[in-house]
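With our numbering applied, the sequence shown corresponds to residues 5 to 349, in that order.
Single-structure report; data block below.
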Amino acid sequence: ERTAVESSSDVQHTIARYIPSFSAKNANGDNVNEEQPYAEAVQIIAHLTRDWSEEGAILREEFGWIKHQLWRYHYEMNQTTESVLSPILVPGAGIGRLAFDLAFAQDEECTNDYFSSYPFAVEAMDNSIVMAAAAYHLFHYSNDSMASNQGQTQIYPFVSDSLSNEVDTQRRWDSAQIPEQPVMDELRNMHDRQPHQRPKLSYTVGDFVTTYISPSKQGQYGSLVSMFFIDTATNIYEYIMSIRHLLKNGGVWINLGPVQWHQNCQLHPTTNELRDMIEAAGFEVQHWEVSENLVAYRHPDDLDSTHSKERGSRSTRSEAYRPLKFVAVLKTDDSSRKSEEECHL
């Protein structure tokens, strides 16, 4: 019998201990209770495939735009070996691939062997202990696997899908390997480096607003990268003011993702209304666009990709989005940053 994960039992046990019991679904196959969107094993498997397998590489091409913006501001603003954009906060990090890629981004212009060629110190954060456990296990299990030559983990991301919209029965058993080989190579190379030359990556679990609105977090971050995050806000004003609070003056906020407001959201602004809110909070918007290109949510087959052309469509339904991309810089005028008493969340 096949399961969604085929590897050592430790993989399944480490993640499964954090997964809640079965949640009821309605007639459409949707969760009756949407409060914990990550609280199912199928979500972990889907995120692992999208973020850490070769099959998901096409979906991760959007990461390139984020990295391009970071490098642009890094070279424009940086005067020292350590980037002024550090530390970078990545809220809603999920299983951590974007944070991993940013932390492992190397500065080709760094020629001093003593200093690290990884200029970005990255702090990932998420409110889901399920995703955090999966990310932790992935990083540490990968290291242990390489040491014991166990290699990659094979997963079956479509096994647990609902029995609807399927075209080809056999494609339910398509598998993927995680992590992809370049990640394994990066981790091997990291262990060959001195501690001060290694990437700087940490992970925090908690609620975004309550964690980062504390006085100790004020002005502590050089930049923030939000991807698939802002539309999770119960109150978007809280997110905006929390980001303003934690960024240094001149700090950079880079965003990419849909504006598909979740069920918990009290406000549902349009993208132009969202821009007005961000500018009113003291940010200068330097780039703003809604992409004309569709990006698949889960798998390249959701769009007319090379995969679907070669093997045929996987489903009679597809899910895609046009990402909102923006770069906003917190104004350096001290008068634009009001005290906690003046800015009520």
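From the three backbone atoms N, C-alpha and C, an ideal C-beta is built for every residue, glycine too.
- Judged by their CB atoms, Glu184 and Ser57 are nearer to each other than the 8 Å cut-off.
- Proximity to Gly60 across Arg101, Gly96 and Tyr79 peaks at Arg101, based on C-alpha coordinates.
- When beta bridges are read from the DSSP output, Asp130 appears opposite Val209.
- Residue state for Ala300 is assigned as strand, using DSSP reduced to three classes.
- Counting other Cβ atoms within 10 Å of its Cβ, Arg54 reaches 16 or more and is therefore classed as buried.
- Every beta strand (DSSP E) stretch that sits fully inside the stretch 152-192 and reaches 3 residues is listed by chain position as 157-159 and 180-182.
- Taking the Cα positions, Ser90 is about 34 Å away from Val46.
- In this structure, DSSP gives Pro199 a helical state, which the three-state scheme calls helix.
- Our two residues, Gln156 and Glu44, have alpha carbons roughly 23 Å apart in a direct line.
- With a cutoff of 8 Å on beta-carbon distance, Val88 and Gly226 are scored as near each other.
- Segment contact: the stretch 243-262 against the stretch 157-171, fewer than three CB-CB distances shorter than 8 Å; contact not assigned.
- Minimum Cα-Cα distance from Val209 among the listed residues Met81, Phe330 and Met129 corresponds to Met129.
- Considering only Val263, Asp172 and Tyr160, the residue with the shortest C-alpha distance to His272 is Val263.
- Counting only runs that start and end inside the stretch 214-300, the beta strand (DSSP E) elements of at least 3 residues fall at 225-231, 251-261 and 287-294.
- Under DSSP, the beta-bridge partners assigned to Val94 are Ala128.
- With fewer than 16 other CB atoms across the displayed protein chains lying within 10 angstroms of its CB, Ser220 is exposed.
- Contact between Tyr216 and His266 fails: their C-beta atoms lie close to 19 Å from each other, not under 8 Å.
- According to the DSSP assignment, Lys329 belongs to the beta strand (DSSP E) that extends over Leu328 to Leu334.
- Relative to Ala324, the option among Leu334, Ile70 and Tyr301 whose CA is nearest is Tyr301.
- Under the criterion of beta carbons closer than 8 Å, Phe330 and Asn259 qualify as touching, at roughly 5 Å.
- For the pair Met231 and Gly261, the CB atoms are nearer than the 8 Å cut-off.
- Here Ile159 is actually not in contact with Ile133; their C-beta atoms are around 20 Å apart, not less than 8 Å.
- Distance from the CA of Asn268 to the CA of Asp196, rounded to the nearest whole angstrom, comes to 46 Å.
- For Val333 against Gly223, the beta-carbon gap comes to about 14 Å, at or over 8 Å, which does not count as contact.
- About 7 Å separates the beta carbon of Asp305 from that of Ser317, a gap short enough to meet the 8 Å contact definition.
- Straight through space, the alpha carbons of Ala180 and Leu93 are spaced by roughly 29 Å.
- The straight-line gap separating the alpha-carbon atoms of Ala50 and Asp105 is approximately 19 Å.
- Nearest to Ser206 by alpha-carbon distance, out of Gln290, Ser121, Ala97 and Asn193, is Ala97.
- DSSP places Tyr77 in the helix class (H, G or I) of the three-state scheme.
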